[in-house]
Amino acid sequence: MITGPAYGNQRASSALQFAQALLNYGHYIKTIFFYQDGVYNANKFITPASDEKNLLLAWEKLAIQHKVSLHICITAALRRGIIDDQQARELNLSGFNLHSTFKISSLSYFGQAVLHCDRLIQF
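Under UniProt numbering, think of the first position of the sequence shown as 1, with each following residue one higher.
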């Protein structure tokens with residue numbers, strides 16, 4: 001579970017490095033859940049400075065290469081202005097900002113994921 005934003009503290013960056021290390025050692029990660037300020041990692045409009053690592057692209061690469069499912073909490077996302085195309089239509093908004101690699105999920109999805117995992121690590 002990641003509760004830190006893409007930029008502003010080290011939690012998301014540390015989580016990404018940890019996940020990459022686990023995968024490099026042959027471990028399997030099925031799901032990464034972004035909660036609270038962690039949902040900011042899914043904003044497709046994140047534009048880091050040229051000398052900063054692009055965490056959004058790094059999450060996308062990790063998800064695609066290792067078939068890791070990236071989920072964000074719907075309640076936390078709505079409170080922070082992160083919406084998908086369906087929510088944008090329902091709210092009559094002109095656009096959406098959820099990156100296509102991420103999926104909107106509920107805390108009940110997170111609970112089910114926890115039931116089927118060996119370990120839960122929070123950043």
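Glycine included, each C-beta is placed from N, C-alpha and C at the ideal position.
Fill in: Unbroken alpha helix (DSSP H) run spanning ILE64, endpoints
55-66
Worksheet item: What did DSSP end up calling ASN43 once you bin it into helix, strand or coil?
Response: strand
Practice prompt. Assess, as a yes-or-no matter, whether the stretch 51-65 is touched by the stretch 79-91 under the definition of 3 or more beta carbon pairs within less than 8 Å.
Written response: no
Worksheet item: Buried or exposed: ILE121, going by 16 or more other Cβ atoms within 10 Å of its Cβ?
Response: exposed
Discussion item. Quick check: what's the CA-CA separation for LEU115 versus LEU55?
Written reply: 28 Å
Fill in: Sequence ranges, beta strand (DSSP E) only - wholly within the stretch 9-42, length at least 3
31-34
Worksheet item: Just how far apart, CA to CA, sit ASN24 and TYR7?
Response: 24 Å
Discussion item. Based on DSSP bridge pairs, tell me the residues matched to HIS71.
Written reply: PHE33 and LYS103
Fill in: Distance CB(ASN97)-CB(ASN43) smaller than 8 Å
yes
Practice prompt. In angstroms with no decimal places, state the Cα-to-Cα distance between SER100 and PHE45.
Written response: 12 Å
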